Amino acid sequence: MLTKYIFVPAAAAFAAYILNKKNKKAGATITALVSAYLLLSLALIYGSWELNQSFNLSLMGYQLEFLMALTPLSWLFAVLTSAISLLIAVFSIDSQADFKFSSVFNLNFLLVIGSIMGVLFARDFLTLFIFWELMTWTSFYLISSGKKKMAGRAAYRYLILSAAAAYSFLMAVIFIFQQTGSFAFEPAAEFLLNNSAPQSILLLLAISLPFWVKAGIFPLHVWVKDAHGNAPKEFSPFLSGMLLKVGFYGLIVVFHQLSFFKIIENTIAYRGLPLLSYLFALLGAVTIITGTILAIRQEDMKKLIAYSSISQMGYIIIGIAIATPLGFSGSMLHLMNHLIFKSTIFLALAAVIYRTGTTKMYEVGGLIFRMPLTFAAYLTAIIALAGIPPTNGFISKWVIYQALIEKGYLFLALAAFFGSIASFMYVFKPLSTVFLGQLKPQHQEIKEVPLLMKIPMLILIGVIVLFGVFPGIQMNIISQISGDLGIETVNYSLYSIQGAFGAWNSLYIFNVFAAGFVIALLVFGLAKKSKLVGLLDTYSSGEYVTDAESYHYAYQYYRPFDRLFDNLAAKSLTGFYETLTANLLKSGESFRRIFAAGRVQNYALYSVLLFVILAAVGWII
Amino acid sequence: MLNFLEEWSFFGGSILLIFIGLYGVLSRKNMIKILISLGLMDTGVNLLLVALGYVEAANAPIINSVNPSNAAAFVDPIPQALVLTSIVIGTAVLALGLALVMKIYDKYSTLNISEIRGLKW
Amino acid sequence: MIDLIYKIGHFLLITVFATALGLLFMGIARKIIARIQKRYGPPVYQPYLDVLKLFGKDAITHGFIFDFGAVMALGGVIATLFFIPLGSWQLYSMEGTVLLVIYLLAVASLGMAMGTVGSGNPQASIGISRALTQMLGYELPFLVILFSLIFRYQTSSIWGLMQAQAGSFLNWNLFAYPMMALVAFVVLIGMMGKKPFDAMIAPSEIGSGPVVESGGKYLGMLLLQKSITIIIELALYVNLFLGGADNIFSFSFKMLIVWILATMFGSLFPRFRIEDGVKFFWKWPLGIAILQALYIII
Amino acid sequence: MVNLTLIIALPLLMAFTMPIFKMLNSKLPKFIALLTTAFNLIVLSSNFTEIMAAPLILELGGWQAPFAINLYVGPLALVAAFLINGSAFILSIYNLSQDYQFDDKFYLLFLMITAGASGMVMTGDLFNLFVFIEITSIAAYSLTTFAGGSSYEASFKYLIIGGVGSVFLLLGIGFTYSAVGSLNLAEIAASAGLINPLLLQITALLFLIGIGIEAELFPLNFWVPDIYTEAPTAVSGIMSGAVSAAGIYALARIFFTLFPAQQFFNYLLVIGVITLIMGELIAYQQENIKRMLAYSSLAQMGLIVTVISLGTEAAVKAGLFQLINHSILKVLLFISAGVLISAAGSKKIKDLAGLGTKKPTAAFGFTIAAMGILGVPFLNGFISKFMIISSSLNADQFLITFLILAAALIEIAYYLKVVQKLYFEDLEIEVKNTAVITVPVILLTLLIIGLGVYPQLIAEPLEKAAAEILNNSRYIMTVLGGI
Amino acid sequence: MNNNFVKGSWQEILDWAQNKSINMLHYCTGCGAIELPPTMTSRYDMSRFGIGPAATPRQADLLLVTGYLSTKTLRRLIYTYEQMQAPKFVVGFGSCTINGGMYWDSYNTIKQLDKYLPVEMYIAGCMPRPEAILDGLLKLKKMINNGEADGYQRYQDNLEFYHQNQEAVLGEVQRTQ
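Just so you know, the sequences run in chain order W, L, E, C and A.
Just so we're aligned: the first sequence equals residues 1 to 621 in our numbering.
Just so we're aligned: the second sequence equals residues 1001 to 1121 in our numbering.
Just so we're aligned: the third sequence equals residues 2001 to 2298 in our numbering.
Just so we're aligned: the fourth sequence equals residues 3001 to 3483 in our numbering.
Just so we're aligned: the fifth sequence equals residues 4001 to 4177 in our numbering.
As structure tokens, then:
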């Protein structure tokens, strides 16, 4: 009974809205309960892939049927959504104390979860479109309830972009509906297959446009920074964790289930890969580079992490686009790992924002002494993001590298290497500016976040390390998916994955790492005990340091590196979109000035002119 | 020859009247002149309507002692009925227009229509 | 079980050997630089004395993260040592070690970075930000070289790459792909933070960079970490380009030659500014590496 | 089965006896207006099933079809009449709680305008149509002046354009009469072949301009922004909800029955698209919320005309459904905008910031209506947008579909700006107390969501209306009864 | 303070290591600083004895006070001295550190360095030449080797004495916590 996954959250949403009016914590607890319930019931129906459901409706003379079905891919995404929303809900029970729009937030949050479930289980374009629109609208309201003015503009730009893409989707889908008579995926796939190649490619591109926008790939990534940066701190993890991924779900559906790859098989190929999918991979590479360069420049922590999400998305699209078994499982692995460690980072930063109230990095510092657990969560997460061995981030990147090197795509590999190495830089920046360095006087008495906010962080740390050592858990669901989509699977065991050039045994590495650590600890213990000294007692060439503010190096952390890219960052893509819309609407303004200038005699004159023109036209024809 | 002139003098006259009225509405600056030319257009159209109903050498469609109902030659009564209602409507519109002009005059203290630009947008 | 003990014993032996060799190399380097500057310079065993002195001195700490950083740096480097075949000693023959080594080195540098920035001294943070920028500079050409090597020999384990160069010295990669070897040499200098690329520990500008706050045993541990890193990087270079060696002595001899060359090369040039360093790395070495890679792929 | 003529007769009667009611008790006129509109609704619904079966012809004055003035009430006319009287009913509920003191004259004109609009929709005779158009416009001229200030100027402009338009219309009627000799629509349609093509061309254009003003087509609709902005809320509501719907009906009736030549439909198509694009572009620029709504309703009219002039049955059905949705949504928009304006004391959008919390019902009404127009699923806008796109696609007009979608995108842009201002910005101005409009808002929201979730409600009447408007031969047969 | 509980032999090894490798923080206060570069470079080459410059007090063992000391500089000097770690030695250059030298009657110089910091050794000369510096440093290494250079010990033992002298001249001195 798949519709229950949509209607339970929807019903709970309205209940949460009403209850939250009275007591601030009620809304978030309801969200937590609902997502826990979803997670549980999803776990129970694992494996029953034939579960589907359809009901048809004759609407204004159109025979429409709405199909819902459970596939391994949608099961995985549904589990991820409900897991992440459970953690966020538990986190936001306390963190919404000071949040003005908390009841609207919970209402929309549950509606977003419900609509995502709808999108995932939809097997026909109309249901997909309806729930996709709902998801866009509810996330629009969620984003605009963030920081004052900027959140409004960010959400506004996000909605216009996704609405334009959704309309192209609608046009293409209705065109197919007229040809095949039904909205379901299968007949559309056959029709597209035996249709003329360029036309079906065009159609599929139009259908995949909203997925490109939602996934934040290069030309359409403009909304991601502002949306994540200004969304309320509880929603950013969900936004960058899950909403970006739903875009990828769509892309996978378009590439594999609508047989996009089979269609472009025979087009001209570049090194064994159809040119179009190589182009997508190239787009992914460009996304990595732009995302990384712009991430390094950011001063606002959430914007920095938003850009890092964009660049990580580049990895996933590269993995999907090169369509090799290794590539696909690498990108799915990275998709899951990215969700895990990205939401940990955002939760950690949300905890920092909850306590300090600011998102600017140079306004905080030295929080490790006041918030050690948040620091630990953040540290594990960035180790995973940077792709350092004992964590899950490295495995997915390693698999993607194996896939790239196996086929010898140099430029894609170059971008991937650049992305992962540069991620050390923008990952270390918040660590050193927010957590290390000098502790500001006004943050002296900050306490650690309340218990309910600690639990999700702890769970996520555990999951990062767990998947880091035993990737096999993730692999068996991925192999099910690739089996279902017709890609042969990569052989793996509980703690090792067989790459193109060698297996990867993460348990072994973990033991060696621990051994090295023990030796170093021995060396440290043998020497004399060291004397603890305060933070302000540091070498400052003899000068007495009194105020921590001036002694904390945080503003423009990588100024020398940024100088290399000053001109590139200046002409950002958003400027291009802004001017495009601005002069389009200016034409409206000039249009009005010519015609509606307020003189009634002109209006009368226009009616006579219309008569004369039409008469002339009629007379000529 | 005569009836041709007769025939066309009605149509030509009324259409000419309409054009004069139209020109008045489009070009005059003074609001009252605009209203007058609007009235002119109305009368022009009414004349045209009546002219349409003209029948050769027939008398007015009024049944009284002089020409009882069974007389053959009546001018077509329907356009005249139309003209009646349209005259009523024309006068109503003009009266309303004049009242509006008075109100506008109170506000802008001018009758020149190009100066009344309150609603530029 | 015995095999485990054997392995641990072997592992400890290698760690001690590498540290000793590393410190010896540092002593030799100081001797060579002194000789170039026409002065005698400290005795070759000077680094051992420095380490001994440092572990004898008292030390101050700035809290838990300061200690944790130092331990993680040394631990990471020792763990990386485990995966490098030094001559005949091969502890770990599993595949995929080249990429793993690059990232494990990153663990060590991240540990050191976290510890030193934890000290709260801005000079340390500036040093680390320079180090990371420079790492981005030299890491890119190096990974392109690795990409082309792995693609050429279809294996990503160092042991495999070494075997591929067996036979006469003619088919060492140094001679098979001379340009790539040259680029790798320049990257090696950058990786070790030798003279032209040592903006991150510039004593005059930022008071010896990251290590500004670490005295006593912390400086000692960082010195040990530096020595093992030198050994690892040299070993990597020798394995990849000089065909490794069957016994440890010829292996360390090859390492010595490369080390002397690097020191000499290093002591001639003034220090690069940070962004010029990155620009340099991305202009010539990266260009040549890409050309080489294209040559191999096509 | 009450005689349908009452729908026109009763409001006129009540209108002219309004001064008497005022003398009895000053509050009475409001309730009388409410009662009459309610009565109209009851009469209409009682005839509903019977008209669905076969269109009803009512002779006034006892004569036989071609001579007498007859009312032709087909399914389309019924739907339009329902729309007009429905919005009048809702607006009179709104007037109940209105704070500004309208005396009996307002309600007199209000009933007159409803009667005029229902008359326009139901008449089967050309001149009768002209008379009803004039009644509606005169009522509209005078109703706008109730808001004082620069509304005189607006209604004067409308009067001039209306005057010129009525002259054109009268000329058109004159020429058709001279050609065909009868004013009955069916008679003219039956003998359409006789008129020489040149004259037919001219008369069609004259009608196009005459009724185009009422149906707010491109060059003729510059009175719309001034009137909707300056008029009191109830008036702009009735104008955009009912009167423009009647205008569209008249346009469709004339062009589908009298001049079914494809050439005129191309004109209408082009004019409609220009109106749509022009309306949306200018609406985006507006600071004044009522002017923005005016341009948006003008653009929607353009959209409806474009879709209907596509000519296929699916297109006409989509156009009509959009017409119904548009009226409901616009009435709700104008009501909530009116309350918001009186709360903020100014018509500028930027002063409406932060009213979401202070005026929840009005802000909620505005948001629901805005989302309805923008086509959010489970609301009525979505179904009509879906039908418009599919009908224009299978009439394989790709460019038109693209333009419609682009216009819809611009529409999203400017509605969102207002919705965001309402909810997500903090309040600067102190809020004046305003009328309570919970009843109309709830009624309309239920209607919007009801139509959105279960559109089958009006699927069947729409089908019949579209079928009936398309083939005029059936129209002639029913009216003339095969003479 | 941690000297006594460690066995004698281990301390000897440490002293031997200490003298073999001394990190020198040359605090260029006065005119003597210019003498140090020649001692370090190829002509006299101080580094062959294991003595090299250190960038920060944390890494330094030896504090060279190379010339006259104004009161303001003394405050910085004391703060740097306290930032240095346990086996630390102070060497004064020239007569200015001994008895004020040519600034003997100026109002703002420190006449006798010994009152404020425990000085191991003075190297005479109104700025000693590199040979003198080398000779002094070699003597210092011998002292360290046989454990006589216990300046830091003396500073710890009679901390009170030194603090009073410092506060007498400087007023309130900020101590590292």
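Glycine is no exception: its CB is placed at the ideal position from the N, C-alpha and C atoms.
Predicted model only: the values in this text are computed from it and were never measured.
- Non-local beta-carbon contacts of C/F3378 in its own chain, meaning distances under 8 Å to residues more than five positions away in sequence, involve I3449, G3452, V3453 in chain order.
- Taking 4 residues as the shortest admissible run, the region 2205-2287 of chain E contains the following complete alpha helix (DSSP H) segments, listed from N- to C-terminal end: 2216-2241, 2248-2266.
- Residue ranges of uninterrupted alpha helix (DSSP H) with 4 or more members, entirely inside the region 221-245 of chain W and ordered along the chain, are 222-230, 235-238.
- Remark: C-beta atoms of L/M1031 and C/V3167 do not approach each other more closely than 8 Å.
- Just so you know, the alpha carbons of W/A28 and C/T3357 end up roughly 21 Å apart.
- C/K3348 is bridged by DSSP to C/N3288.
- Around the Cβ of C/L3185, a 10 Å sphere holds 16 or more other Cβ atoms; the residue is buried.
- Contact between the region 276-286 of chain W and the region 321-333 of chain W is present, with at least three C-beta pairs closer than 8 Å.
- A Cβ-Cβ separation of about 31 Å leaves W/A582 out of contact with W/Y426 under the 8 Å criterion.
- Its chain contains T3438, V3441 as the residues whose beta carbon lies nearer than 6 Å to that of C/T3361, once the 5 sequence neighbours on both sides are disregarded; these appear in chain order.
- Partner residues in the beta bridge of A/I4022, as assigned by DSSP, are A/I4051.
- Its chain contains no residue whose beta carbon lies nearer than 8 Å to that of W/L521 once the 5 sequence neighbours on both sides are disregarded.
- Taking a Cβ-Cβ threshold of 7 Å, the residues of chain E close to A/K4020 are L2049, in chain order.
- By the criterion of a C-beta distance shorter than 7 Å, C/S3384 is surrounded in its chain by A3318, F3321, Q3322, N3325, once the five residues flanking it on both sides are discounted.
- By the neighbour-count criterion, in which a residue is buried when 16 or more other Cβ atoms sit within 10 angstroms of its Cβ, A/D4045 is buried.
- Judged by beta-carbon spacing, C/E3425 lies beyond the 8 Å limit of C/A3369, meaning their Cβ atoms are not closer than that value.
- The Cβ of E/Y2040 sits closer than 8 Å to at least one Cβ of chain A.
- DSSP, reduced to helix, strand and coil, places W/A285 within a helical segment of the structure shown.
- Identification of residues in the region 2193-2221 of chain E having a C-beta nearer than 7 Å to some C-beta of chain A yields P2203, G2207, S2208, V2212, E2213, S2214, G2215, G2216, L2219, given in sequence order.
- For the region 4065-4097 of chain A, the set of residues with a beta-carbon nearer than 8 Å to any beta-carbon of chain W comprises R4076, L4077, Y4079, T4080, Q4083, in chain order.
- Excluding residues up to 5 positions away in sequence, I1020, G1021, L1022, Y1023, G1024, V1025, R1028 lie with their Cβ nearer than 8 Å to the Cβ of L/S1037 in the same chain.
- In this structure, C/M3018 and C/I3032 form a Cβ contact; the two beta carbons are roughly 7 Å apart against a cut-off of 8 Å.
- At a cut-off of 8 Å between C-beta atoms, A/T4056 counts as an interface residue with respect to chain W.
- W/S496: member of the beta strand (DSSP E) spanning 496-498, first to last residue.
- C/L3012: member of the alpha helix (DSSP H) spanning 3006-3016, first to last residue.
- Only residues of its own chain outside the window of five on either side were considered, and among them T3114, A3117, S3118, V3121, A3242, A3245, A3246 have a CB closer than 7 Å to the CB of C/I3084, listed in chain order.
- For W/F121, the uninterrupted alpha helix (DSSP H) run begins and ends at 102-121, by DSSP.
- Taking 3 residues as the shortest admissible run, the region 427-508 of chain W contains the following complete beta strand (DSSP E) segments, listed from N- to C-terminal end: 496-498, 503-505.
- Chain-order list of chain L residues neighbouring W/R599: S1114, by C-beta distance under 7 Å.
- Around W/V608, the beta-carbon contacts reaching into chain L at under 9 Å are L1022, L1026.
- Here C/Y3415 is buried. Its C-beta has 16 or more other C-beta atoms within 10 Å.
- About 6 Å separates the beta carbon of A/I4133 from that of A/I4123, a gap short enough to meet the 8 Å contact definition.
- Counting the other CB atoms within 10 Å of its CB gives E/K2194 a total of 16 or more, which places it among the buried residues.
- Rounded to the nearest whole angstrom, the CA to CA distance from W/L507 to A/R4075 is 56 Å.
- If the five residues before and after W/E265 are omitted, its C-beta is found closer than 8 Å to the C-beta atoms of P274, all from its own chain and listed in chain order.
- If you ignore the 5 residues before and after W/V399, its C-beta comes within less than 7 Å of the C-beta of L326, S329, G330, L333, I497, G499, all in its own chain and listed in chain order.
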